[in-house]
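These notes concern the structure reproduced below.
Protein chains: 2
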Amino acid sequence: MDRNYYIDSLKKSNFKITPQRLTVIDYVRSHSPGHFTAEEIFNSIKSEEPTITLATVYNILKALQSSGTVKTFETSGSTWFETNTDFHGNFVCSNCGKIYDIGIDEEGILSNVEGSGYSVQEANLILKGICKECLLDRD
Amino acid sequence: MDRNYYIDSLKKSNFKITPQRLTVIDYVRSHSPGHFTAEEIFNSIKSEEPTITLATVYNILKALQSSGTVKTFETSGSTWFETNTDFHGNFVCSNCGKIYDIGIDEEGILSNVEGSGYSVQEANLILKGICKECLLDRD
DNA sequence: AATTTGTTTATAGTAACTATAAATTCAAAA
DNA sequence: TTTTGAATTTATAGTTACTATAAACAAATT
Ligand SMILES: [Mn+2]
Ligand SMILES: [Mn+2]
Ligand SMILES: [Zn+2]
Ligand SMILES: [Zn+2]
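From first to last, the protein sequence lines stand for chains R and X.
Residue numbers 0 to 138, in numbering that gives the first Met the number 0, belong to the letters of the first sequence in order.
Residue numbers 0 to 138, in numbering that gives the first Met the number 0, belong to the letters of the second sequence in order.
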């Protein structure tokens, strides 16, 4: 995604543009699509942004989330952030820890739920198992 | 589910039967189907089991989980335990906090993922939104 | 340039677990 | 039925991931 997409989305939600926010945006953009913890981002950018704190990274991610450019899900005791805002499954490999995006038919799931009278704001499908690569290595 | 189903499942996995484990089993059985945190269970059973600690409740839930009678998922910063081990979605209402079980076609999702070469051990669909009841009250 | 309001920083605090080791108890075997 | 050994519970300390607070600072509107 274009850098301005993140900036404009922040502006549309009345968030200010700060150097710290731009640094986080540049980080997630250059690692996109990917899955990050706040701590991971914090550790990676503190050379470039030496006064930043972990609390600020959490705040920035919350701002990005509320402006719609970042999504989250929880698993293995922590919160993961990602720039892939399309509906998809997140497959966590029990062996190597990598997280993979899996295309899933949104309509099939949501029609089911909304048909039962619920109004869905957010949906997360989290899968655990062994990934392709690890299955091959296991011989 | 029958009380012996939990007991036999523990035995099959070489877990011992203790009064504390039976108390937790009785609790989840009598609130089934439901969604519990470890703390919730701990607070509810400590009148009956006055020396029990929260660590023990966590241990017991881990034993039940590994013997296959209890499943878990994470959302809103904590781990939820449930006795419904069939594949289903968990809908969390943003308004009242209640969690509802939603029937979902497992085959449709898993065929998609396993078709891509992954071996799935576990799948969790977590939905957030406004529940039926809260939608009606909102007028 | 001045003002306002949002943001960052530093730091303290909390919630949800997890680890450790001693005391206890379960259950299989003698 | 007692003994035995491993599993479990308990008490407690520790950790991780996150949240709150308030003062210092900076962005953006005028
Ligand atoms: Mn993803
Ligand atoms: Mn459920
Ligand atoms: Zn793997
Ligand atoms: Zn509700």
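Glycine included, each C-beta is placed from N, C-alpha and C at the ideal position.
Taking only beta-carbon atoms, is residue i less than 7 Å away from chain X?
i	result
R/Thr71	no
R/Phe80	no
Could you list which residues in chain R have their beta carbon closer than 7 Å to that of residue i, in chain order?
i	result
X/Leu134	Ser118
X/Thr74	Glu73
So with CB distances below 8 Å, who are the chain X contacts of residue i?
i	result
R/Ser12	Here the premise fails: no neighbours, minimum Cβ distance about 19 Å.
R/Ser93	Gln120
Can you check whether the C-beta of residue i is within less than 7 Å of a C-beta belonging to chain R?
i	result
X/Phe86	no
Can you list the residues of chain R that residue i reaches, using a CB-CB cut of under 8 Å?
i	result
X/Lys131	Ser115, Gly116 and Tyr117
Where does residue i land, buried or exposed, given buried means 16+ other C-beta within 10 angstroms?
i	result
R/Arg137	exposed
X/Ala54	exposed
R/Ile16	exposed
R/Glu113	exposed
R/Ser31	exposed
X/Asn42	exposed
R/Ser141	A question about residue 141 of chain R goes unanswered here, because the residues of chain R that appear run from 0 up to 138.
For residue i, which residues of its own chain have a beta-carbon under 6 Å away from its beta-carbon, when the five flanking residues on both sides are left out?
i	result
X/Phe35	Phe80
R/Arg20	Ile59
What does a CB cutoff of less than 8 Å around residue i pick up in its chain, not counting 5 residues either side in sequence?
i	result
R/Lys11	Ser66
Considering only residues of the same chain and omitting the five flanking positions on each side of residue i, which have a CB-CB separation below 7 Å?
i	result
R/Ile129	Cys92, Ser93 and Asn94
X/Thr153	Any question about residue 153 of chain X goes unanswered here, given that chain X covers just 0 to 138.
X/Ser77	Thr36
X/Arg2	Ile24 and Arg28
X/Val119	Leu109, Val112 and Glu113
Chain-ordered residues of the stretch 99-129 of chain X with a beta carbon less than 8 Å from chain R:
Tyr99, Ile101, Gly102, Ile103, Asp104, Gly107, Ile108, Asn111, Val112, Ser115, Gly116, Tyr117, Ser118, Val119, Gln120, Glu121, Ala122, Asn123, Leu124, Ile125, Leu126, Lys127, Gly128 and Ile129
Short of 8 Å Cβ to Cβ, which residues in the stretch 31-51 of chain R face chain X?
none
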